[in-house]
Amino acid sequence: MNAKAISEKNQASGCGRVVLFLFGMVFAAFGVGFIWFAIVAPTLKSNAAKSWIETECRIISSVVKSHSDDDGTTYSPDIKYQFETDGQTFQGKRHSFSIMSGSSKWANGIVRNYRPGESHACFYDPNDPSDSVLTREMDWSVRGFFLPLIIPLIFLLIGVSISAVAILGWGRKSKNPPAISSRADTSLHNQLSFSETSKLNQFTSGVHPEDQLDASWSVPKKLKPENSKWILFLIVLGVAIFWNGIVSVFVFGLFTDDIGTWGRVGMGLFLTPFVLIGLVLLFAVIYMFMSLFNPGVEIAISTGAVPLGGEVDIAWEIEGNARRLRKLKVEIQGEQSATYQFGTSTSTDFEIFELIPVCEVTHQADIEFGSATVRIPDSTMHTFDGGNNKVSWTIVVHGEIPWWPDVNATYPFRVKPTPSQS
Amino acid sequence: MIEISLNQTPPEYRPGDVISGRVVWTELDEQTTSLETRLIWFTEGKGDQDVGVAISIPAKLTAPEGNLPFEFSAPTRPYSFSGKLISLIWAAEVVLFPSREGKRKQITISSTGKELVLDKSHKDSALKSAMRVSS
């Protein structure tokens, strides 16, 4: 029995991704549904009730109702009232439009305000007086608004993330070999490959996409850092604002909501790790903000695509106050990376396989500017990008600044196959 | 049944070398209409698999038994390598259609013909390359 050809594998992966996408959409739909019923619909109803007619109603009964499940017992006010309009008597039992239950103390607090026999204001729909409410204002407290919102939001975020992974994955997987029926498209199935339509001559003549990239990089180059300091700072700032913005709402509620001493202690303990993460993020923002004022390092190399076994001249120059640097270290790093899916998440592992020292200088003049010649070993691997699996090369710069965030920057370049063979 | 064999032992090639061999098939079922001999690379290891077809030679089958020689020129890249996370493997593969079943023979392609081993600890001694620093 022959096994399935390896170059024909993965062709059915699109089906799995459709299932993954639909699974994510179901999750997201649950989130949207919950948000609708818990927040949007009550808010719309509350707004509509602003035109309802206010009347006086009499409280018939007012008790606390308990709801028990595996997670424990919660309580909600159960208040019945009646009112008259146009000679007809109507009954209602809606305290507010917010859907919520909570602690016994909270429910009792509401019930105490509506004792049987008392008269209170209530509101009814003039078109349908059987639709009424005691208070038409929405509860915008942590318990009334943010707690009902957080779980649906988590559902929504997870669902959208799963679907996004499925869609993005489609793009990557489309590079897998196509069926023979689509042989005309074979040349598209992988950026690094050719179909039989490319013919042997074409292939060996060096018209390879990666060869073309190498050719465009085979000139003296001033390299750009892999990640801009500003972009990194703004990303961390955004994450910190988002995280601390949400956590602060709960911390605020901890001090303002009537949840009792034990409730406050429990909530405080629950929030502690979230607050600590928020503090770490704030520290990261400060650290990255300080690093914005670091001196920059310009890197220039004699060729942006160095052949295996070939030499390359690397020059560096400090932009800004070079005297702040106590030590400068420059290295060439070869790294392999593997991206894989585990369940619904995508992870990438990295492994450094080559570390070539370029310089490690402490004298001010050497730090300020200098150059070195380095040979790339011929026994190592050239730059490779297979989609999920990659081999990449970077120049890594590390500058030490006393009592300040260090200078760290990486500059990608290419290593090409041995020249005599290409 | 289908088999693929290579003319060279060990199957180590440098870019530009001729990779030649033969595909032999016997007792193929009537549904098999064609085959393709391919020179492919694929990855193995931690990452999701990447596969590339460098060259593909299609052939129509006219008899349930037969053989077919093939010849490829070893591509310039990517080199065969083995690292802690991933390995890149070249192979000559024959694929039957429409079943898409196949057989393959692994080969290595690099500047030396040998598989490159990417292991930092393995190479530390070799990394002390000549370095001239000037300022």
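Just so you know, the sequences run in chain order S and P. Note that the first sequence ends on residue 436 in this note's numbering; no numbers are left out. Note that the second sequence ends on residue 137 in this note's numbering; no numbers are left out. Ideal Cβ positions, reconstructed from N, Cα and C, are used throughout, including at glycine. If you're wondering where the values come from, they're calculated on a predicted model, not measured in any experiment.
Just verifying my parser: in three-state terms, what is the DSSP assignment at residue i?
i             : result
residue 101/S : coil
residue 122/S : helix
residue 378/S : helix
residue 324/S : coil
residue 116/S : strand
residue 209/S : Low confidence applies to residue 209/S: its pLDDT is 33, below 50, so where it sits in the model is not reliable enough to give any reading.
residue 18/P  : coil
residue 22/S  : helix
residue 297/S : helix
residue 398/S : strand
residue 338/S : helix
residue 50/S  : helix
residue 36/S  : helix
residue 359/S : strand
residue 91/S  : strand
residue 371/S : strand
residue 36/P  : strand
residue 31/S  : helix
residue 307/S : coil
residue 175/S : helix
Using a C-beta to C-beta distance shorter than 8 Å, which residues of chain S count as neighbours of residue i?
i             : result
residue 95/P  : 19, 20, 21
residue 72/P  : Correct list: empty, because the minimum Cβ distance to chain S is about 11 Å.
residue 106/P : 19, 20
residue 86/P  : 350, 365, 367
Which residues of chain S have a Cβ atom closer than 7 Å to the Cβ of residue i, listed in chain order?
i             : result
residue 81/P  : 395, 396, 431
residue 12/P  : Per Cβ cutoff of 7 Å: no residues; residue 12/P is ~18 Å from chain S at best.
residue 21/P  : Within 7 Å Cβ-Cβ: nothing; residue 21/P doesn't reach chain S, min ~11 Å.
residue 40/P  : 21
residue 103/P : 16, 17, 18, 19
Excluding the 5 residues preceding and the 5 following residue i in the sequence, name in chain order all residues of the same chain whose CB lies nearer than 8 Å to its CB.
i             : result
residue 150/S : 60, 63, 64, 66, 110, 111, 137
residue 133/P : Low local confidence applies: a pLDDT of 42 at residue 133/P is under 50, so the model's placement there is unreliable, and no value is given.
residue 250/S : 295, 298, 299, 302
residue 369/S : 345, 346, 347, 348
Along the chain, where does the alpha helix (DSSP H) that runs through residue i open and close?
i            : result
residue 56/S : 55 to 62
From which residue to which residue does the beta strand (DSSP E) around residue i run?
i             : result
residue 106/P : 103 to 111
residue 116/P : Note, residue 116/P: premise wrong, no beta strand (DSSP E); not H, not E.
residue 414/S : 403 to 414
residue 387/S : 383 to 389
residue 85/P  : 83 to 85
residue 143/S : 142 to 147
residue 69/S  : 67 to 83
residue 425/S : 421 to 430
residue 139/S : 133 to 139
residue 30/P  : No beta strand (DSSP E) holds residue 30/P; DSSP gives it neither H nor E.
residue 92/P  : 88 to 99
residue 318/S : Premise fails: residue 318/S is in no beta strand (DSSP E) and is neither H nor E.
residue 110/S : First-last for residue 110/S: undefined, no H or E at that position.
residue 8/P   : 4 to 8
Going along chain P in order, which residues have a C-beta closer than 8 Å to the C-beta of residue i?
i             : result
residue 355/S : 50
residue 180/S : Those do not exist, as residue 180/S stays about 14 Å from chain P at its closest Cβ, beyond 8 Å.
residue 322/S : 113
residue 225/S : 78, 79
residue 402/S : 45, 49, 50, 51, 52
Please go through the same chain and pick out, in chain order, the residues whose beta-carbon is closer than 7 Å to the beta-carbon of residue i, but skip the five residues on each side of it.
i             : result
residue 59/P  : 38, 39, 72
residue 327/S : 315, 316, 385, 387
residue 242/S : none
residue 420/S : 412, 413, 414
residue 129/S : 73, 76
residue 116/P : 14, 110
residue 97/P  : 37, 38, 40, 104
Which residues in chain P have a C-beta closer than 9 Å to the C-beta of residue i? List them in chain order.
i             : result
residue 335/S : Within chain P, no residue comes near residue 335/S; the closest Cβ sits about 18 Å away, beyond 9 Å.
residue 339/S : Simply none; closest approach about 14 Å.
residue 222/S : 77, 78, 79
Under 6 Å Cβ to Cβ from residue i, same chain only, skipping five residues before and after it: list those, please.
i             : result
residue 53/P  : 44
residue 374/S : 343
residue 81/P  : 112, 118
residue 325/S : 387, 389
residue 365/S : 350
residue 207/S : Its pLDDT being 32, under 50, residue 207/S is placed unreliably by the model, and nothing is read from it.
residue 120/P : 83, 85
residue 107/S : 94
Could you name the residues of chain S that residue i contacts, counting a contact when the two beta carbons are closer than 9 Å?
i             : result
residue 120/P : 348, 350, 365, 367, 368, 394, 395, 405
residue 66/P  : The premise fails here: residue 66/P is roughly 15 Å from chain S at the closest Cβ pair, so nothing lies under 9 Å.
**OP:** Jot down the residue ranges of each uninterrupted beta strand (DSSP E) in the region 216 to 289 of chain S, minimum 3 residues, whole runs only, in chain order.
**Re:** 235 to 237
Subject >> Secondary structure, alpha helix (DSSP H): runs of 4+ residues fully inside the region 38 to 77 of chain P >> reply: none
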